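Worksheet: the structure to be examined is printed underneath.
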Amino acid sequence: MIRLPRPDRDHLADLDLAMSRRRPSSRRVLLGARTGIINAYGDYEDVLRDIRQFTSLANGSEVLTKALLGNYALLDRGRPLEDLRNSIFLTALSRNSRCPLCERAQVCALDHFLPKNHFPEYAILADNLIPVCERCNRLKGDECDRADGLLMFHAYFDEFPDTEMLFTEIDVNDTVSIRYSLHHADEIDDFTFGRVEKQFEILGLFDFYQMEAVAELTDQVDLYDETYDSFGDSGLRSTLSALARGAERKGINHWKAALYRALSRNAEFCSGGYRKLLATPMS
Ligand SMILES: [Zn+2]
């Protein structure tokens, strides 16, 4: 997971601008709830720490829920809060960031970390809006399990563990098969590991990385051939280790780091078995 800088926004100014641009009936409802919304903004990090203790300010009030959700449309192009949306995307794009959830695709959507249908008071809170890719946005959806208290990792507030957890198993037979898995290291507490597992499960990351890995490696067979012909298996091994080190700069658990670490240690793959990649089905 990629850590992103928190958006640099004046949350109250965003809220007041939104309220000033609403129809009188919605504005009245929102003005009546303004203190509650500001308090909820102040509680945001506490909610992230233990969501089981919090229910939405709008819980049970359809009128307030509707009024709060209506603010979000003001972020659309040409609307008063377009600048809020743009500033969040600009921060991600200026760092050439991939989607913080899958670390693969380009960002193109805003995800409400605490889903707006469960916590409409955070519908336009910049800290709750994370730039993500289309796939992750769709898969995460309204995910917010208050029963077990396990939230996914928050790109602005959570540090993803930097202990090795993601492993790749390589099997070279008629084809090269690649399988990702998570291992619970002793240094990681159960709660944190539960969040990691949840993230992988909801975003379908094992299968996603497996497919991405096959596609990436298949493109490199000619490069492996040249390296192997000139420098033998030790040459190929060092090339793969260098690729692993490069990927580790993005994080020890980056899917490419786990992939190249495993490949560089696989004797069969490095002694010509990589050619079996061409026989690997793409799904
Ligand atoms: Zn993604």
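Per my numbering, the very first residue in the sequence shown carries number 2; after that it's consecutive. Note that CB positions come from ideal geometry on N, CA and C, so glycine has one too. Note that the coordinates shown come from a computational prediction; the quantities given were computed from them, not determined experimentally.
How would you write the range of the alpha helix (DSSP H) that residue i sits in, first residue to last?
i, result
"Y229", "222-249"
"Y157", "Segment: none, Y157 is in no alpha helix (DSSP H) and carries neither H nor E."
"E63", "63-71"
"D15", "12-21"
"I39", "25-50"
"E269", "268-271"
Per DSSP, which one or two residues make a beta bridge with residue i?
i, result
"F120", "According to DSSP, F120 bridges with nothing at all."
"Q107", "R99"
"H255", "DSSP, once it has assigned bridges, lists no residue as partnering H255."
"I203", "DSSP output for I203 lists no bridge partner at all."
"V177", "V173"
"D112", "I131"
"S182", "F168"
Between residue i and residue j, is the Cβ-Cβ spacing less than 8 Å?
i, j, result
"F161", "G252", "yes"
"G71", "R28", "no"
"C145", "C103", "no"
"L5", "A124", "no"
"L279", "V215", "no"
"P132", "V108", "yes"
"D143", "P116", "yes"
"I38", "S98", "no"
"L85", "D17", "no"
"P8", "S95", "no"
"A259", "L140", "no"
"L130", "H113", "yes"
"K257", "D175", "no"
"S57", "P121", "yes"
"L69", "A59", "yes"
"E198", "L183", "yes"
"Y225", "D128", "no"
"E135", "T164", "no"
"L65", "V30", "yes"
"L126", "Y42", "yes"
"E213", "R53", "no"
"D273", "Y210", "A small fix is needed here, since residue 273 is Gly in this sequence, not Asp. Their beta carbons are not under 8 Å apart, which means G273 does not touch Y210 by this criterion."
At a threshold of 7 Å, does residue i count as lining ligand 1 (C-beta to nearest heavy atom)?
i, result
"R105", "yes"
"V133", "yes"
"L102", "yes"
"C299", "Examination of residue 299 is not possible in this model, given that the chain is present from 2 through 284 alone."
Provide the residue span of the beta strand (DSSP E) that contains residue i, from first to last.
i, result
"L130", "130-133"
"D172", "167-173"
Cβ pair count under 8 Å reaching 3, the segment 164-178 against the segment 256-272:
yes
Would the segment 177-190 and the segment 139-155 be scored as touching if the rule is three or more Cβ pairs under 8 Å?
no
With a cut-off of 8 Å, do at least 3 Cβ pairs link the segment 236-246 to the segment 198-213?
no
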